[in-house]
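Chains B and S supply the protein sequences, listed in that same order. Numbered according to the working numbering, the first sequence terminates at residue 658, and the numbering increases by one at each position without gaps. Numbered according to the working numbering, the second sequence terminates at residue 658, and the numbering increases by one at each position without gaps. In this text, a Cβ means the ideal position worked out from N, Cα and C, and glycines have one as well. Working notes for the structure below.
Protein chains: 2
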Amino acid sequence: MSQSEPTSAAPAGPIRPGPGGALRPLLAADIRGGFWHRRRDINGRVGIPQGPQLLESAGNLHNLRLAAHTVEGTYRGDLPFVDSDVYKWLEAAAWQLGRAAPSDGSGPAEDAGLTADVQRIIALVADAQQPDGYLNTWFQVTKDGRRYEDLRWGHELYCAGHLIQAAVAHHRATGGKELLDVAVRFADHIESVFGRDKRIDGFDGHPEVETALVELYRETGERRYLDLAAYFVDRHGHGLLGGEAYCQDRTPLRVQDNVEGHAVRQLYLLAGAADVAAETGDAELLAACERLWTAMVATKTHITGGLGAHHDEEDFGDPYELPNERAYCETCAAVASVHFSWRMALLTGDARYSDLIERTLFNGFLAGVSLDGERWLYVNPLQVRDGHTDTGGDQSARRTRWFRCACCPPNVMRLLAGLEHYIASTSTDGLQIHQYATGRYTGDLAGDALVVSVHTDFPWSGTVRLSVEDCPTDRPWTLSLRIPQWSTDHRVEVKGRELVPTAADAGWLRLAGPWTPGDEITLELAITPRLVAADARVDAVRGCVAIERGPLVYCLEGVDNPGGLDDVVIDAGRPLVEESRSELLGGVVTVTASGSRRTRPAGGWWPYRELADSDRGSVRRAGSADTAAALTAVPYYAWANRQDGPMRVWIPTS
Amino acid sequence: MSQSEPTSAAPAGPIRPGPGGALRPLLAADIRGGFWHRRRDINGRVGIPQGPQLLESAGNLHNLRLAAHTVEGTYRGDLPFVDSDVYKWLEAAAWQLGRAAPSDGSGPAEDAGLTADVQRIIALVADAQQPDGYLNTWFQVTKDGRRYEDLRWGHELYCAGHLIQAAVAHHRATGGKELLDVAVRFADHIESVFGRDKRIDGFDGHPEVETALVELYRETGERRYLDLAAYFVDRHGHGLLGGEAYCQDRTPLRVQDNVEGHAVRQLYLLAGAADVAAETGDAELLAACERLWTAMVATKTHITGGLGAHHDEEDFGDPYELPNERAYCETCAAVASVHFSWRMALLTGDARYSDLIERTLFNGFLAGVSLDGERWLYVNPLQVRDGHTDTGGDQSARRTRWFRCACCPPNVMRLLAGLEHYIASTSTDGLQIHQYATGRYTGDLAGDALVVSVHTDFPWSGTVRLSVEDCPTDRPWTLSLRIPQWSTDHRVEVKGRELVPTAADAGWLRLAGPWTPGDEITLELAITPRLVAADARVDAVRGCVAIERGPLVYCLEGVDNPGGLDDVVIDAGRPLVEESRSELLGGVVTVTASGSRRTRPAGGWWPYRELADSDRGSVRRAGSADTAAALTAVPYYAWANRQDGPMRVWIPTS
């Protein structure tokens, strides 16, 4: 991009908040190499292209045709929200098409096959829409068109929300209006039905339409959509749907003191609330979002960024209740967490939101898709036991080709396809790098382009080279680099000279200009393996440590550690040894710790015993019968890609 | 009872195994005072009498009338197994009526009101039965009488099983045949439909009919019922119902290596298998029962005796996966565990089965009913966190008056009402005392009565006084006393003289005769508070201890320990102090430990931190900012009887 390009163009990303926020999305972004490029390349070559066939074989497209009366037959599946799988895939494909034709012509050629698939499926969606704008195949086909009778479980507005998000993405990324027209008709229908003084005073038990309506307002300028979103956000928590936390109906967000209920529902609602606050300047709502994010992270977040402790009702669970084997940590919750946190990052400028995004992307999110892009995890446990009996089904600890409830795979696809939009931001005083990914990032300074390119082998290396490619030279601006929460040591060189001091300011290293095109900056984040302990209230991991390296959480897998993992002990006093293994799991750095494997004397039949005097007041030392064991860990995101077997993130120290 | 009474009379208890077992039920038993008498007294005065009104208000009796066409209306409730609540209540009432008129005339007068209620409800059941013997109100009323179309979830044979058990109990306890006639008609119908070469080759997804059919065989002598039970036991595990562990259909019992799937379903099936093995002498089946019991106890049993780690699907979970907050430990699973273990105790004579029964009765089972007998717990967690959000419903951590799925309350009622049958046994060489409860226990020695009375304040005191009230004096016999698994020290005096040595033989202290009426024995079990640790593979309680005293597991409750329980630490090196508190919780011994409450410095926003050098190789010592705290524990069975709030069994040591 040169300065002659129209830098006032609206950014094409998934979020376009109003003027109230501290930061703004970039004008353009492109990930061009390195870690995330490889994941996105597979997403573009394997993940997204398999969508149409999977949606066909699972029946989603058949159901659209049934609703359009272009085929006859019976409805496929028994879930009311399968349309949303189609919409999330369309959103993913839209971002992918947007990537394929970057404005500077540097990207791959347009993908004609994908474009045709998108057009074909948009046509199916449009055909299925009813004349008054309503669209939900489950209710149209199996419920004689009866609508909005089960807001708690019907998911009609949830599906509408995903339709709207797909439409906005398609419009922003390609300029196409076909899907946007469908979305607008549905939104208008919803707006005609729902409201305090309209036919239905209520909301959908599964939030999603709130954030979507705000984006539709941003895309169309129609204030009605923002008002409707604000109405939906505020109707939660008053018992209109029965008062359950599951439906986000127990407590209004404005007075809620911690996240609760179904994790994805809570997070989508919070993303919508942040969007409303961004547009309306509602300080109370923003404060609620900040309070709930803070409480969630402090008390209900797994070390992987995973959220949701209960399989039952997909619930957040209680504070500090963070089980390992039964960590739910739905892949969709990781996606939703990134959505919510990025809105908060833009609104507040606080680095900690992007710290959580980094942790989530590299761990709890990325574990959701296999390295080959073809198999998925719905839940992301932190431990699989030696004697694990896999139950199969959606919640298996084995990667699965597709799910009965296939919400997660297209959610992963759409976040990966649009990931460049979460890397950096711009503001009135410059450009901020939130995530370290090789690429080219374009912000603006009062109408002039700020273009910074990044080259890095992060997260394997902590060296990040940045160059200023384009910027105004007539006035200073600040390049802000996020210093990750896990970083204990960093150095920075600007134009070949080490900067002293380089202390970060609340997570940001602020490098004030003046800057000239060609200026180079090198950030060195010390990346060495480390052991991490949890807040003592996290009972599930007492006496255990986790291995981390840079932003990556590591885990032990049975395939690397034969003999089982239920009985290993790590020696926390011995050094960790890293090794770069280009042939392993697509290329990873492994970390090996010293430890042992307990050999216990044959015991009685009862697994509890009276504490002996030797137990009191000191840790149990490794017994003479214990056998030394090297414990080799791989990045958590890469687990379950080789063979079934045990896995654990948290390792006992005694 | 004098020697002139007919000691060959069949015992009136819930289990009457054939000649294959090592031990036999008593001829008569009566709990007459002490701990269990008080619990049974409340069960008889409050628990059981409230049944008819609760079954009326919940709709169960209404549904029977609908099936009988004596009223018109719509079915109440949406579960196919509500008939079983009625049958379990009838079984409880039958045992209660049996207690009310002991053969020696020493018990309370017959309860005319209860007798009338039982007759009235039996008449409702009989009226609802269809001419061919089939009886299930859900299918008769809501499914147009279509039968056996959903064996996985229909619960038709499960309900039949509870009907049969109630009928056998009513016949044994009162001599009444009205309900037995209904049960026989239903059993004959089932036998006409199910079988390898009959209309349906299958089984019920929820076992129960297996053990019931064996009892019906014992009661009627009809071998067909035993054969049908054996058939059902062996058809599990072959995929006839889809192959899920949930339905006990993944693996045949004979080759299964650990308990799995729905805990209550597994345990009822095992009780049925043990019954079949007892009658047929099937050594392979008995070996499977022993193997599965051993694996279950070693790897899937909470310290309370509670079973079932997952809320989701009420599943056993993996080996050593024993969470605290989300321990499911359904009250019904505790009942089922006692049923299974008692059958194994009689079959094998091994003391460990009664060790588990003791632990379960005093902890995981008894916690299921409030001290006032009016409120219930469906699930029995081992921890409730400071910030717990109660979801209400059946799985609340608050005691509830009745449940939508009301399986547990009448299960508690029936076990308490018949508890005297699990206290002692007889055999060819004498009498065995399995549990220490004040009462009078009558076994036999080749036709001559052996009558032993017990007086004890167990579990508060470890002193147990036994007297031989009646016995033949012409030949020796052995009085066997179980020395509990938790006992580290005991003494015994026989006829005023201390017996040396008194070492137990595999859990049994064998006191060989000759005995004479009037002989007295005093057993002193050392009961002092102790700290207990778990197998290191139980990750959920690493670095924690539990407080026990005698057979009782203790817990901390918020009401006794203001300031919350998420942050307490116990000093395992300091003595435990016990205090008898007659005014507290119906009279308990409390145990107070020394400890502290952590005060941590204001931390960052992220709850995980890099391990400091000071963490390595040694436990964290109490910080200077920590505040000393006396930690007062009460018996687990008595928790949640005062106010809502946190609770924990396992207490961190650092």
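So, is the C-beta of residue i closer than 7 Å to a C-beta in chain B?
| i | result |
| --- | --- |
| S/V595 | no |
| S/R534 | yes |
| S/L615 | yes |
| S/G599 | no |
| S/E264 | yes |
| S/I168 | no |
| S/A626 | With a pLDDT of 46 at S/A626, under the threshold of 50, the modelled position of that residue is not reliable, and the figure given next carries that caveat. So no, S/A626 is outside the interface. |
| S/R356 | yes |
| S/H438 | no |
| S/A164 | no |
| S/V301 | yes |
| S/D316 | yes |
| S/P106 | With a pLDDT of 47 at S/P106, under the threshold of 50, the modelled position of this residue cannot be trusted; read the value that follows with caution. Not an interface residue. |
If you follow the alpha helix (DSSP H) that residue i is in, where does it begin and where does it stop?
| i | result |
| --- | --- |
| S/E294 | 287–303 |
| B/Y221 | 213–224 |
| S/D359 | 355–363 |
| S/H174 | 160–178 |
| B/W142 | 141–146 |
By alpha-carbon positions, which one of the options ends up nearest to residue i?
| i | options | result |
| --- | --- | --- |
| S/S429 | S/T446, S/N565, S/P413 | S/T446 |
| B/E614 | S/T352, S/I551, S/G25 | S/I551 |
| B/G590 | B/Q100, B/W610, B/P639 | B/P639 |
| S/G179 | S/D131, S/G17, S/V218, S/R150 | S/G17 |
| B/R578 | S/T594, S/Y272, S/D617, S/D148 | S/D617 |
| S/V595 | S/V218, S/R534, S/A516 | S/R534 |
| S/G562 | S/D390, S/L556, S/N64 | S/D390 |
| B/V572 | B/G554, B/G547, B/A302 | B/G547 |
| B/L59 | B/G321, B/L128, B/A337 | B/L128 |
| B/T141 | B/D121, B/R69, B/H175, B/W93 | B/R69 |
| B/T631 | B/R356, B/G199, B/G567 | B/G567 |
| S/H343 | S/A299, S/H425, S/K304 | S/H425 |
Considering residue i, what are the terminal residues of the beta strand (DSSP E) in which it resides?
| i | result |
| --- | --- |
| S/T631 | 631–639 |
| S/T596 | 592–601 |
| B/A526 | What sits at residue 526 of chain B in the sequence shown is Thr, not Ala. That run of the beta strand (DSSP E) goes 524–529. |
| B/R553 | 548–553 |
| S/E76 | Note, S/E76: premise wrong, no beta strand (DSSP E); not H, not E. |
Just the chain S side, please: which residues come within less than 8 Å of residue i by C-beta, in chain order?
| i | result |
| --- | --- |
| B/R546 | R546, G547, C548, P656 |
| B/A249 | T393, T395 |
Show which residues of chain B have a CB atom less than 9 Å away from the CB atom of residue i.
| i | result |
| --- | --- |
| S/Q489 | G608, W609, W610 |
| S/H494 | Neighbours of S/H494 on chain B: none; closest Cβ ~15 Å, over 9 Å. |
Quick one: which chain B residues come within Cβ less than 8 Å of residue i?
| i | result |
| --- | --- |
| S/E325 | E329, R330, R389 |
Is there at least one Cβ from chain S nearer than 7 Å to residue i's Cβ?
| i | result |
| --- | --- |
| B/H242 | no |
| B/R541 | yes |
| B/I551 | no |
| B/S110 | Low local confidence applies: a pLDDT of 48 at B/S110 is under 50, so the model's placement there is unreliable, with the coordinate-based value given in what follows. B/S110 does not count as touching chain S. |
| B/D82 | no |
| B/V572 | no |
| B/V581 | no |
| B/A4 | No information on residue 4 of chain B is available, as it lies outside the stretch 5 to 658 that chain B covers here. |
For residue i, return the contacting residues in chain B, with the cut-off set at a CB-CB distance below 7 Å.
| i | result |
| --- | --- |
| S/D322 | E329, R389, G391, H392, T393 |
Run through chain S and tell me which residues come within less than 9 Å of residue i, C-beta to C-beta.
| i | result |
| --- | --- |
| B/I307 | P611, Y612 |
| B/R602 | A540, R541 |
query: At what residue ranges does the region 427–484 of chain B contain a whole run of the alpha helix (DSSP H), taking only runs of 4 or more?
result: none
message: What ranges does the alpha helix (DSSP H) occupy inside the region 331–357 of chain B, keeping only unbroken runs of at least 4 residues that lie completely in it?
response: 335–352
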